[in-house]
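Quick note, the sequences are listed as chains X and G, same order. Heads up: the first sequence begins at 13 in our numbering, then just goes up one per residue. Heads up: the second sequence begins at 13 in our numbering, then just goes up one per residue. Below is one structure; the comments refer to it alone.
Number of protein chains: 2
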Amino acid sequence: MEFNSSNETQMLSRMATGDGHGENSAYFEGWKAYEDNPFDLSKNRRGVIQMGLAENRLCFDLIEEWVVKNPKASICTPQGSEDFKEIAIFQDYHGLPEFRNAVAKFMGKVRGERVTFDPDRIVMSGGATGAVEILAFCLADPGDAFLVPTPYYPAFDRDWGWRTGAKLYPVICDSSNDFKITRAALEAAYNKAQTENIRVKGVLLNNPSNPLGTVLDRDTLRDILRFINDKNIHIVCDEIYASTVFSQPEFVSIAEIIQEAGDNNNRNLVHIVYSLSKDMGFPGFRVGIVYSYNDAVVRCARKMSSFGLVSTQTQHLMAAMLSDERFVDRFIQESAERLGRRHGAFTRGLAQVGIGTLKSNAGLFLWMDLRRLLREPTFEAELELWRIIVHDVKLNVSPGCSFHCAEPGWFRVCFANMDDDTVRVALKRIRAFVLQRKGGHKQCRGRALQISTSFSRIMLDDFLMSPHSPASAKSPMVQATN
Amino acid sequence: MEFNSSNETQMLSRMATGDGHGENSAYFEGWKAYEDNPFDLSKNRRGVIQMGLAENRLCFDLIEEWVVKNPKASICTPQGSEDFKEIAIFQDYHGLPEFRNAVAKFMGKVRGERVTFDPDRIVMSGGATGAVEILAFCLADPGDAFLVPTPYYPAFDRDWGWRTGAKLYPVICDSSNDFKITRAALEAAYNKAQTENIRVKGVLLNNPSNPLGTVLDRDTLRDILRFINDKNIHIVCDEIYASTVFSQPEFVSIAEIIQEAGDNNNRNLVHIVYSLSKDMGFPGFRVGIVYSYNDAVVRCARKMSSFGLVSTQTQHLMAAMLSDERFVDRFIQESAERLGRRHGAFTRGLAQVGIGTLKSNAGLFLWMDLRRLLREPTFEAELELWRIIVHDVKLNVSPGCSFHCAEPGWFRVCFANMDDDTVRVALKRIRAFVLQRKGGHKQCRGRALQISTSFSRIMLDDFLMSPHSPASAKSPMVQATN
């Protein structure tokens, strides 16, 4: 017997042979460019700087200090190892009670303690990724759609729909009103879906918004709640950036709005996604949470959590860390301050060369407006510009089209996943590019690619000593090879 | 506006409102009985003893000793905390390279190093639960079936089919040949499925077998491999009990069989499920592994692993522990010896009152033959007997019907999740019950329930001093309240 080993995709499922995962989107192309040639301050100063990753690296000094001071919190220290056995063997999908209690308390804290969460409604999942999928499985049959305002997190398509067969249907928002979500836009999307015979089962929100870095105000949230109640459809609020709000207006959770709405709202329709990946900066720990006000969803989600439970080693550590109120208070405050400073440095640095950003007060990123640099107002031109930024300027920012933005020329720029020196290099590269581009554009309109190729050679000569550079020649780390 | 909050299941998915999860099976009823009244040697000596949980608690002294001696292995010790940041932030779905390397090496070790595993084919998942589901998503479209020999692990129904829509189709095995899997049985199931218009896409095996505690011999594995190649269908081998084999014959992995088969086998059809929940005894850590010889499956499974990645805190610890070869060698040997001793004590204790068990040499359980105690050879009688054992004898063993066994009267008894004193109590209860039952049966055939209710009152008077009891009155822990 002989077999053709090249037939690897024969006999696989449609899911395995299809492209529903979406990893081939532009968003991921940038990641690959970074992975092939990652920037390193000391070892690879010509590499691509990763600005496509919404990581929060700014407060690990506080975390590490806490960890060393709290050896009982770990099952791997002489002080904590006697708990190793019971923790390692624990596999109840309700989770460690102390973990659920601590997470519920923490969720209240990052919402200003204006609302409380019931530990019995805390359901674990493998990150927010798993939480979003679990809710899709619970709330939508294959083909059913949830409305989602644009621009939105690219991996929602994978998380919400890849394995569930559920759909997302866009609610078009744009810069004319700073990408605000209006009742009119929701109604328009709902009606359009109806005419296409698509059953709309709910709304999926991300608040604070990735990629916008904005928070939804109370009135908007009230409008949306009225909308879903009027239509008798669900709302899923992904609030994983709740604690990244660094200035006014404060973050308002859907939990607050349903509290004030009282009986004028059907709580069975309301579900929250949370995680410790952004607010604490622990994406590796895979702590995702489904919080539902619907008992049947809590029960079903808990059963589904078997596919992505949080490691009890991690539950145990998080239980101790998050229930240390003094530490948590200090961490939340300090983290917001550091994010605010970083955000300020970035927006000012961009403004100096005339680059605008959407006014924002949350998140680990900026929504950068490069519309004026587009050859023409199309997504083709956006991707053309983006490829230059990734491959020549060597910054892995993310193009708006990968967020399903309806308007070309916007880019998401992450700023909290790097140290101050890398920020300086990144800002210098962007500014140099923009100045060069403006000049080049005038001379040679429509020939973007030609201009870009000369960029890497001339950027340093021209701009290293630029008076606009926040680093200029002061830092010995900023070398001519950046 | 007012809302009827009792309508919680309105507008949910069919999955959320259906019973595809199967948690209401008899298997789970026993767990609930235990949870309502758990046995505790010092605090609740009249409680239900948990013998339905295939946990491996016998070697935690070795683990705890290793953990304390290796502080660098943890990110929560002064020696290891400098790695905290990079570990907590790491979210690449390929996993930490050192983790994949260590797992690949460990997988070879528990298979006697007769076969090697490629770290690049190691895909993480949320326990074996997640691994089985990922393979179902990759290999089967909704409605497609995999053949599975009976009796089999009850939660396969949930893991394989609940969210994927894939089916399991039974291959009937029974005690006439010690539940061996034959080509004839496979062909019969395959043909029967065809006549029912069910598309058979593969075979799902569990080797060593839960609940049988047996290993598949080389010839059987060769037959099965020929079968799946003849039919051009997949094989998924769940080998999560690989390291629980405590005596001859040794464990043979499907990996060995395809190695010897060479080109006479299509490797693209072969996939392995592994985990550290049983072999190491860490179910809480949720370390599941998909290992496929099919590149397309590796790629797709890795994308799906985003829904259930292993916490990097746990990856980091496991990487250090499993790459300590001296420790691993000692652990594997010691664990097998302790399991063998426990298995021997249990089988001997049962044999003394004439209770037979299927001859086995692996696993964390016995397959106990109580056919002679059935009122009649039906599953109704099996469940009747089982309810007496759970509620009156207060042992949460698992009835064969919950494992889809084709023959009534078999029960799975877990023996590695308790300490020696609890074993003595459990054995005493079983033996007392069987002796009582045999006597009662003669006097009062067919009135099992009446007999059972008197059991708890008389068992201690009659049997505490029984010469058959391994504990008799020697242990101060074995009190009259057991």
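Cβ coordinates follow ideal geometry from the N, Cα and C atoms, glycine included.
Assuming the contact rule is C-beta atoms closer than 8 Å, residue i and residue j should be a hit. Round their C-beta distance to whole Å, please.
i	j	result
residue 232 of chain G	residue 193 of chain G	6 Å
residue 360 of chain X	residue 322 of chain X	Contact flag wrong, Cβ pair sits at about 39 Å.
residue 210 of chain X	residue 157 of chain X	5 Å
residue 370 of chain X	residue 168 of chain X	The Cβ separation is near 19 Å, so there is no contact.
residue 42 of chain G	residue 435 of chain G	Not a contact, Cβ separation roughly 18 Å.
residue 170 of chain G	residue 34 of chain G	5 Å
Terminal residues of the continuous alpha helix (DSSP H) containing residue i?
i	result
residue 78 of chain X	72–81
residue 352 of chain G	337–363
residue 402 of chain G	391–403
residue 118 of chain G	109–121
residue 424 of chain X	Taken as a continuous stretch (DSSP letters only), residue 424 of chain X belongs to no alpha helix (DSSP H), being part of the beta strand (DSSP E) at 422–426.
residue 201 of chain X	195–207
residue 97 of chain G	96–101
Determine the DSSP secondary structure at residue i, reduced to helix, strand or coil.
i	result
residue 61 of chain X	strand
residue 69 of chain X	coil
residue 223 of chain X	coil
residue 23 of chain X	coil
residue 232 of chain X	helix
residue 8 of chain G	Lying outside 13 to 494, the shown extent of chain G, residue 8 of chain G is not represented and no answer is given.
residue 269 of chain X	helix
residue 32 of chain X	coil
residue 489 of chain G	The pLDDT assigned to residue 489 of chain G is 28, lower than 50, so where the model puts this residue is not dependable; a value taken from the coordinates is nonetheless given after this. In the structure shown, residue 489 of chain G sits in coil (DSSP, three-state: anything other than H, G, I, E or B).
residue 371 of chain X	coil
residue 257 of chain X	coil
residue 377 of chain G	strand
residue 442 of chain X	helix
residue 454 of chain X	Here residue 454 of chain X scores only 46 on pLDDT, less than 50, and its place in the model should not be relied on; the value that follows carries that caveat. Reduced to three states, the DSSP call for residue 454 of chain X is helix.
residue 84 of chain X	helix
residue 186 of chain G	coil
residue 150 of chain G	helix
residue 419 of chain X	coil
residue 192 of chain G	coil
residue 476 of chain X	For residue 476 of chain X, the pLDDT reaches just 32, beneath the cut-off of 50, and the residue's location in the model is therefore unreliable, although a value from the coordinates is still provided. Residue 476 of chain X: coil per DSSP, three-state reduction.
residue 327 of chain X	helix
residue 91 of chain G	coil
Provide the residue(s) that pair with residue i in DSSP beta bridges, ordered along the chain.
i	result
residue 302 of chain X	X:135, X:285
residue 180 of chain X	X:158
residue 218 of chain G	G:250
residue 56 of chain G	G:52
residue 408 of chain G	G:62
residue 322 of chain X	Answer is none; residue 322 of chain X lacks a bridge partner.
residue 212 of chain X	X:157
Determine the direct distance from the alpha carbon of residue j to that of residue i, and round the result to whole angstroms.
i	j	result
residue 136 of chain X	residue 386 of chain X	44 Å
residue 349 of chain G	residue 411 of chain G	28 Å
residue 198 of chain G	residue 159 of chain G	8 Å
residue 252 of chain X	residue 124 of chain X	15 Å
residue 214 of chain G	residue 291 of chain G	26 Å
residue 128 of chain X	residue 122 of chain X	11 Å
residue 407 of chain G	residue 258 of chain G	25 Å
residue 324 of chain G	residue 392 of chain G	47 Å
residue 330 of chain X	residue 228 of chain X	29 Å
residue 206 of chain G	residue 200 of chain G	10 Å
residue 335 of chain X	residue 87 of chain G	19 Å
residue 428 of chain X	residue 377 of chain X	7 Å
residue 296 of chain X	residue 100 of chain G	5 Å
residue 246 of chain G	residue 147 of chain G	10 Å
residue 265 of chain G	residue 317 of chain G	24 Å
residue 141 of chain X	residue 289 of chain X	11 Å
Residues of chain A with a CB under 9 Å from the CB of residue i: which are they?
i	result
residue 85 of chain X	The chain inventory of the structure shown lacks chain A, comprising the protein chains X and G.
Starting from residue i, trace the beta strand (DSSP E) both ways and give me its first and last residue.
i	result
residue 280 of chain X	Element bounds for residue 280 of chain X: n/a, residue is neither H nor E.
residue 385 of chain X	Neither: residue 385 of chain X is in no beta strand (DSSP E) and is coded neither H nor E.
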